[in-house]
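Visitor: First the structure, then my questions, so here it is.
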Amino acid sequence: MKPNKQFTLSCIAIAICQALLIQSSGAATVTVTSQSDETPLSNPDGCTLRDAIVSTNTASVSADCTTSTSGTFGIDDTILFSSSLSGTISLNNEIMVTTTVEIVGPGEDALTLDNTSTPRVLFLNEADDVVVSDLTFNSAAAVNAIYVLNSDNVVLRNNRFTNFDGGHGVYAYNSNGFQMENCILAGNSGSVGGALNIRRADSFSVTNSLFYDNYASNQGGGISVIDSTNGVIRANTVSGNSASKGGGISVFRSNNITIADTTISGNHSVDAPGLNDDRGGGLFLSSTGSTEPSNIFVHNSTISGNSSGLWGGGVYSSNRLSSTWVNNTIVNNYVTMPGNGGGIKLITGAGLSLGANNIIANNSGGDCDQLLIFSDQASNWIGDDSCTGEADGEPMLGPLEDNKGPTLTHKPLPASKLNRAGDTTACNDTPINGLDQRGVKRGERTCTIGAVEFIDNGSFFTIPMNNGKSIIFSL
209 MKPNKQFTLS CIAIAICQAL LIQSSGAATV TVTSQSDETP LSNPDGCTLR DAIVSTNTAS
269 VSADCTTSTS GTFGIDDTIL FSSSLSGTIS LNNEIMVTTT VEIVGPGEDA LTLDNTSTPR
329 VLFLNEADDV VVSDLTFNSA AAVNAIYVLN SDNVVLRNNR FTNFDGGHGV YAYNSNGFQM
389 ENCILAGNSG SVGGALNIRR ADSFSVTNSL FYDNYASNQG GGISVIDSTN GVIRANTVSG
449 NSASKGGGIS VFRSNNITIA DTTISGNHSV DAPGLNDDRG GGLFLSSTGS TEPSNIFVHN
509 STISGNSSGL WGGGVYSSNR LSSTWVNNTI VNNYVTMPGN GGGIKLITGA GLSLGANNII
569 ANNSGGDCDQ LLIFSDQASN WIGDDSCTGE ADGEPMLGPL EDNKGPTLTH KPLPASKLNR
629 AGDTTACNDT PINGLDQRGV KRGERTCTIG AVEFIDNGSF FTIPMNNGKS IIFSL
C-alpha cells in the first residue's frame, strides 16, 4: 500500500511545529566567572555579568561566556555566579535587561553589585517575568539599584538594597504584577520613595521586607505608592524612616491598596526645605488631584512611636480618600502641635472608618484631631475623648518587642481589658480570617482588641495521687 501523501505531510508539519515549540521554550544557563566589567578584548578569560546579560538578551553567547546546559536560549534562561566569586562586582555603567531571565546570586552576604557612576545598576526595560534574587546592591554613586520600566511580573527576592542616594533604592514604573519579597532596604534616599517607589502599577505586592533609615524629601521615606491599584503591603517592618509626607509609607492617588500584618514604627515626617508642611509621621494617605475612587484597607497592623511636627504623628488622611481599619494598634505616636492628631489626623473630605477591634491610645497631642466614623464603636478602644467624645483609658500594652512573630508588636498584658473584649465576628471573618498580626490563631468565642491576640496559658499546678497518677488544676 502506498503511503498517504496528505498524512505524511501532516506528520512532517506537526514535527516541525513541535521542534519550534521546544526551541522557543528552551532554557540556557550562563554562569558569571569574572568580577570584571571590562570589554571582552581586555578581559578575554572570563564571563562578566554584563556579558552574561547580553547573552540572554540576544539569545546567543557573548564574549567568553558559555552555556552550561544543552538547551537553547528561550523563556527560562538563568544567570548564576561561580562559587569562586565573592566581595564586590563594580560596574562602570548600568546593565540593561530586555528579556525574560532569572538572575540568581550566591546570597546577599556573599556578593555585592555596585555601580561607580550614574544612573543605576540594573535597568529592566520592557523585560517581563524577570527574577532577581540573593544579591546585595550598594552604591553611593548610582541613583537606583534597579529601575523597572514597562516590565510586568518582575520579582525581587532575598536582596539587600543600601546607600542609593538621589533616586530610590528600587523604582517600579508602569510595571504590573511587581513583587518584592524578603528584601532589606536601608540608607537610601530620594525625592519620592526613598527606598521603594511604585508608580502606575497594578496588582503589586511587597511582603516580608525590612525598610529602615531611608529618607525622601517629599513623600514616602520607606515606601511610596502613586497612581496604582490592587496592591498589597504585607508582613513588613517599616522603621526609622523620614519624609516630609509619610515618613514610613505614603499612598497617593491609588485605589484598593491593603496594608496588613505590618509594623510601622519610629518614623518621622520632617519639614521639607523652606516649607512647614510635614504630615503623617508613620502613614500618609491622600488622593489630592484625583477624580477616581481611592480606597485603602489597613488591618492587623501596628503603628507605634512615629512623630510629626505638624499633622498626624501616626496617620494623616485627606481629600476624597476612604480608608477602613480592622484590628490595628495605633499607640505612642507624637505630634508637636497639640490637637493635630498625635494618633490620627483627618482632613475634611477624607473618610476614615474604624470597623472593629482597633486601639488608638497613648498618643501625645491627642489620639485624634476630630470625631471619627465608627461602624462598631463598642469594640474599638480609644484612650482619650478626642475620637469619640468618650475615653476608654489605659489599654495596658506591653512594649514594642518580639512576641514570636515576623515583626515587633505590642502584646496586651494579662490584666488588660482588651482581652476577650473584641468583636469575634470581625476577628474571624475576612480580612482577619482568624489570625493576628503574628499569624497566631485568634479566639473563636472571644478575641482580643488590637493587632495581637492575647493567649492566656493560665497557671497550672499538679497534685500527685497514691495510684501513681496526677490531677492537674488550672487557675
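For what it's worth, this note's numbering labels the leading residue of the sequence shown as 209, then goes sequentially. All C-beta atoms, glycine included, are put in the ideal place defined by N, C-alpha and C.
(1) Can you have a look at residue 602 and say buried or exposed, based on whether 16 or more other CB atoms are within 10 angstroms of its CB?
(2) Taking a contact to mean a Cβ-Cβ separation below 9 Å, would you say residue 659 touches residue 617 in this structure?
(3) For residue 299, does the count of other Cβ atoms within 10 angstroms reach 16, so buried, or fall short, so exposed?
(4) Look up residue 528 in the DSSP assignment and say whether it is helix, strand or coil.
(5) Quick one: give me the first and last residue of the beta strand (DSSP E) that residue 636 is part of.
(6) Under three-state DSSP, which class holds residue 626?
(7) First and last residue of the alpha helix (DSSP H) that includes residue 263?
(8) Note down the Cα distance separating residue 306 from residue 270, rounded to an integer number of angstroms.
(9) Report the option in 444, 291, 525 and 443 whose CA atom is closest to the CA atom of residue 458.
(10) Can you say whether residue 475 is buried or exposed, counting buried as having 16 or more other CB atoms within 10 angstroms of its CB?
(11) Is residue 353 helix, strand or coil by DSSP?
(12) Just how far apart, CA to CA, sit residue 383 and residue 238?
(13) State the CB to CB distance for the pair residue 520 and residue 547, rounded to an integer number of angstroms; the pair is presumed to be in contact (CB under 8 Å).
(14) Taking the straight line between their C-alpha atoms, what separation do you get for residue 301 and residue 352?
(15) Identify, in the order they occur along the chain, each residue of the same chain with its Cβ nearer than 6 Å to the Cβ of residue 596, setting aside the five sequence neighbours on each side.
(16) Using the three-state DSSP reduction, which class does residue 243 fall into: helix, strand or coil?
(17) If you follow the beta strand (DSSP E) that residue 618 is in, where does it begin and where does it stop?
(18) By the 10 Å Cβ neighbour count, where 16 or more other Cβ atoms means buried, how is residue 467 classified, buried or exposed?
(19) Between residue 313 and the rest of its own chain, which residues show a CB-CB distance below 7 Å, the 5 nearest in sequence each way excluded?
(20) Out of 406, 534 and 253, which has the shortest C-alpha to C-alpha gap to residue 435?
(21) Kindly list the residues whose CB is nearer than 7 Å to the CB of residue 685, restricted to its own chain and excluding five residues on each side of it in sequence; keep chain order.
(22) With DSSP as the reference, label residue 399 as helix, strand or coil.
(23) Give me, in chain order, the residues of the same chain whose beta-carbon lies closer than 8 Å to that of residue 663; leave out the 5 immediate sequence neighbours on both sides.
(24) Which full runs of the beta strand (DSSP E) of 3+ residues lie inside the stretch 279-363, going along the chain?
(25) Pick out whichever of 533, 479 and 460 has its Cα sitting closest to the Cα of residue 501.
(26) Who does residue 554 pair with in a DSSP beta bridge?
(27) Does DSSP put residue 587 in a helix, in a strand, or in coil?
(28) For residue 379, which residues from the same chain have a beta carbon less than 6 Å from its beta carbon, with the 5 sequence-adjacent residues on both sides left out?
(29) For a test of the three-state rule: what should DSSP assign to residue 436, helix, strand or coil?
(30) List the residues that DSSP assigns as beta-bridge partners of residue 492.
(31) Hey, would you say residue 330 sits closer than 9 Å to residue 287, going by beta carbons?
(32) For residue 433, tell me which candidate among 417, 559, 346 and 495 has the shortest Cα-Cα distance.
(33) In the structure shown, what three-state DSSP assignment does residue 226 receive?
(34) Please state whether DSSP places residue 388 in a helix, a strand or coil.
(35) Does the beta-carbon of residue 612 have 16 or more other beta-carbons within 10 angstroms, so that it is buried, or is it exposed?
(36) My understanding is that residue 555 touches residue 527, with C-beta atoms under 8 Å, so please give their C-beta distance in whole angstroms.
Guide: A quick look at the data gives this:
(1) Numbered from its first residue, the sequence shown carries residue 602 at position 394. Exposed.
(2) Counting from 1 along the sequence shown, the entry for residue 659 is found at position 451. Counting from 1 along the sequence shown, the entry for residue 617 is found at position 409. Cβ distance < 9 Å, so residue 659 and residue 617 count as in contact.
(3) If you number the sequence shown from 1, residue 299 lands on position 91. Residue 299 should be labelled buried.
(4) Taking the sequence shown and counting its residues from 1, the one referred to as residue 528 is at position 320. If DSSP states are grouped into helix, strand and coil, residue 528 belongs with coil.
(5) Position 428 of the sequence shown holds residue 636. No beta strand (DSSP E) holds residue 636; the alpha helix (DSSP H) holding it covers 632-636.
(6) Your numbering for residue 626 matches position 418 in the sequence shown. Residue 626 falls in the coil class under three-state DSSP.
(7) Position 55 of the sequence shown, counted from the start, is the residue given in the question as residue 263. Start and end: 257-266.
(8) Residue 306 sits at position 98 when you count from the first residue of the sequence shown. Residue 270 sits at position 62 when you count from the first residue of the sequence shown. In a straight line, the C-alpha of residue 306 is about 15 Å away from that of residue 270.
(9) Residue mapping note: residue 458 aligns to position 250 of the sequence shown, counting from 1. Minimum Cα distance to residue 458 is reached at 525.
(10) Within the sequence shown, numbered from 1, the residue matching residue 475 stands at position 267. Flag for residue 475 reads buried.
(11) In the sequence shown, the residue the question calls residue 353 occupies position 145. Annotated three-state conformation of residue 353 is strand, per DSSP.
(12) Position 175 of the sequence shown holds residue 383. Position 30 of the sequence shown holds residue 238. When rounded, the distance between both Cα atoms is 26 Å.
(13) As a first step, residue 520 must be located in the sequence shown, where it is residue number 312. As a first step, residue 547 must be located in the sequence shown, where it is residue number 339. Contact flag wrong, Cβ pair sits at about 12 Å.
(14) Counting from 1 along the sequence shown, the entry for residue 301 is found at position 93. Counting from 1 along the sequence shown, the entry for residue 352 is found at position 144. Roughly 12 Å separates the two Cα atoms.
(15) As a position in the sequence shown, residue 596 is number 388, starting the count at 1. The residues are 590.
(16) As a first step, residue 243 is located in the sequence shown; it is residue number 35 there, counting from the start. In the structure shown, residue 243 sits in coil (DSSP, three-state: anything other than H, G, I, E or B).
(17) Here the question's residue 618 lines up with position 410 in the sequence shown. Where residue 618 is concerned, the enclosing beta strand (DSSP E) stretches over 617-620.
(18) Stepping through the sequence shown from its first residue, residue 467 is reached at position 259. With 16 or more other Cβ atoms within 10 Å, it is buried.
(19) By one-based count along the sequence shown, residue 313 stands at place 105. Closer than 7 Å at the Cβ level, and outside the excluded window around residue 313, lie 289, 319, 341, 342 and 343.
(20) Position 227 of the sequence shown holds residue 435. Nearest C-alpha to residue 435: 406.
(21) The structure shown has nothing for residue 685, since the chain only spans 209 to 683.
(22) Counting from one through the sequence shown, the residue named residue 399 turns up at place 191. Residue 399: strand per DSSP, three-state reduction.
(23) For this step, residue 663 is matched to residue 455 along the sequence shown. So the qualifying residues of the chain are 648.
(24) 286-289, 295-299, 303-305, 310-312, 319-323, 328-333, 339-341, 344-346 and 352-357
(25) On the sequence shown, residue 501 is found 293 positions in, with the first residue counted as 1. Here the closest residue by C-alpha is 460.
(26) Residue mapping note: residue 554 aligns to position 346 of the sequence shown, counting from 1. Its beta-bridge partners are 525.
(27) The residue labelled residue 587 in the question sits at position 379 within the sequence shown. DSSP places residue 587 in helix when its eight states are reduced to three.
(28) As a first step, residue 379 must be located in the sequence shown, where it is residue number 171. The answer, listed in chain order, is 352, 355 and 405.
(29) As a position in the sequence shown, residue 436 is number 228, starting the count at 1. DSSP places residue 436 in coil when its eight states are reduced to three.
(30) Position 284 of the sequence shown, counted from the start, is the residue given in the question as residue 492. Beta-bridge pairing links residue 492 to 458 and 524.
(31) Within the sequence shown, the letter at position 122 stands for residue 330. Within the sequence shown, the letter at position 79 stands for residue 287. Cβ distance not < 9 Å, so residue 330 and residue 287 don't count as in contact.
(32) Your numbering for residue 433 matches position 225 in the sequence shown. Of the candidates 417, 559, 346 and 495, the one whose C-alpha sits nearest the C-alpha of residue 433 is 495.
(33) Here residue 226 refers to the residue found at position 18 when the sequence shown is read from its first residue. Low confidence applies to residue 226: its pLDDT is 46, below 50, so where it sits in the model is not reliable, and the reading given next is rough at best. Reduced to three states, the DSSP call for residue 226 is helix.
(34) Mapped onto the sequence shown, residue 388 falls at position 180. Three-state result, residue 388: strand.
(35) For the purposes of this step, residue 612 is identified with residue 404 of the sequence shown, where counting begins at 1. That one is exposed.
(36) In the sequence shown, residue 555 corresponds to position 347, counting from 1. In the sequence shown, residue 527 corresponds to position 319, counting from 1. Residue 555 to residue 527, Cβ: 6 Å. Contact.
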